[in-house]
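Numbering (the working numbering), first residue to last: 31 to 116.
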């Protein structure tokens, strides 16, 4: 996170964030970075598994609580994944 995410936070543009609530317990947040990159956070904010139908594109920077196959269509409780796109 320190190597990939922190340097990019300095490149956030004003009003650059969007978010969507998923199934009343999940969150998909996207930040538009200068230079065209997008930073995504996909998070399950409950103790119950979360079925995910919209998975961000890009490279996975860090993830916890995902299926063993590395798929993000079902996330364990209290889990999150960071993606960098662009």
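Beta carbons are placed, not taken as given, at the ideal position from N, Cα and C, and that holds for glycine.
Bear in mind the structure is a predicted one, so any value in this text is a computation, not a measurement.
- prompt: In terms of alpha-carbon separation, which member of 57, 38, 111 lies closest to residue 65?
  reply: Selected option, being the one with the closest Cα: 38.
query: Three-state secondary structure (DSSP) at residue 36?
result: helix
field: Beta carbon of residue 63 nearer than 7 angstroms to that of residue 73
entry: no
query: With residue 85 and residue 103 assumed to form a contact (beta carbons below 8 angstroms), what rounded beta-carbon distance in angstroms separates them?
result: 7 angstroms
First through last residue of the beta strand (DSSP E) which encompasses residue 102: Residue 102 -> no beta strand (DSSP E), and no H or E assigned at all.
query: With 16 other CB atoms within 10 Å as the buried threshold, where does residue 32 fall?
result: exposed
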